[in-house]
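Residue numbers (full-length UniProt numbering): 1 to 190. Structure record follows, encoded as structure tokens.
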């Protein structure tokens, strides 16, 4: 796994309107970036195009998250999860990332990722969970389709199997907690 340095303890906040977009080829080399990507990362277009996307990977990200992402993408499925990225100067920013295969004539030709600002609750939950993975204390936790889950099949997966009113049903619905946080074991008072 790429270890990008230096890093600082300075978090850069995305604003509500920021949408970071990038495209890569099948090997993860950047082929397209938008202005928001350049602005938040601190890299220039010339420094990014043709480089591996993991150029912005923060060393705090557990290898399990990216293994899960690549597994889903290689299977032709989109992936959504929380990602901590590193700016050129070592600062960091959190994103809620959705990556998806791009197809032409039925064949996957690359990948596109759209990232936006996550909630503070999502970031706090991800920081806690990812720390467990980095410290090898995750126990029965694993990352499945971008969510930290318990057990072999995963609680998140079981939550998403039943749809109601066009959305997904989860025991946490109506409690002010998203299903991912519920799957992580965070209750209404945490």
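Virtual Cβ for every residue (Gly too), placed ideally from N, Cα, C.
Beta-bridge pairing by DSSP links residue 54 to no other residue. Using a Cβ distance threshold of 8 Å, residue 28 and residue 4 do not count as a contacting pair. Checking the DSSP bridge columns, you'll see residue 85 partnered with 57, 93.
In the assembly as shown, residue 148 is a buried residue. Its beta-carbon has 16 or more other beta-carbons within 10 Å. DSSP, reduced to helix, strand and coil, places residue 73 within a helical segment of the structure shown. Look at residue 136 here: in three-state DSSP terms it is coil, with no helix or strand label.
Boundaries of the alpha helix (DSSP H) harbouring residue 35: 35 to 41, taken from the DSSP string.
Distance from the Cα of residue 101 is smallest, within the candidate group 83, 84, 73, for 73.
Counting only residues of its own chain and dropping the five nearest sequence neighbours on each side, residue 135 has no CB closer than 7 Å to any other CB.
Judged by DSSP secondary structure, residue 46 falls within the alpha helix (DSSP H) whose first and last residues are 45 to 48. DSSP, read as helix, strand or coil, puts residue 13 in coil. Residue 34 is not a Cβ neighbour of residue 56, given a cutoff of 8 Å. Out of 7, 48, 94, the CA that lies nearest to the CA of residue 22 is found in 48.
Annotated three-state conformation of residue 7 is coil, per DSSP. When the beta-carbon positions are compared, residue 99 and residue 118 stay at least 8 Å from each other.
Counting along the chain, the unbroken beta strand (DSSP E) around residue 24 starts and ends at 20 to 24. Of the other Cβ atoms in all chains shown, fewer than 16 fall within 10 Å of the Cβ of residue 67; this residue is therefore exposed. Scanning its chain for C-beta atoms nearer than 6 Å, with the 5 sequence neighbours on each side dropped, one finds around residue 138 the residues 132, in chain order.
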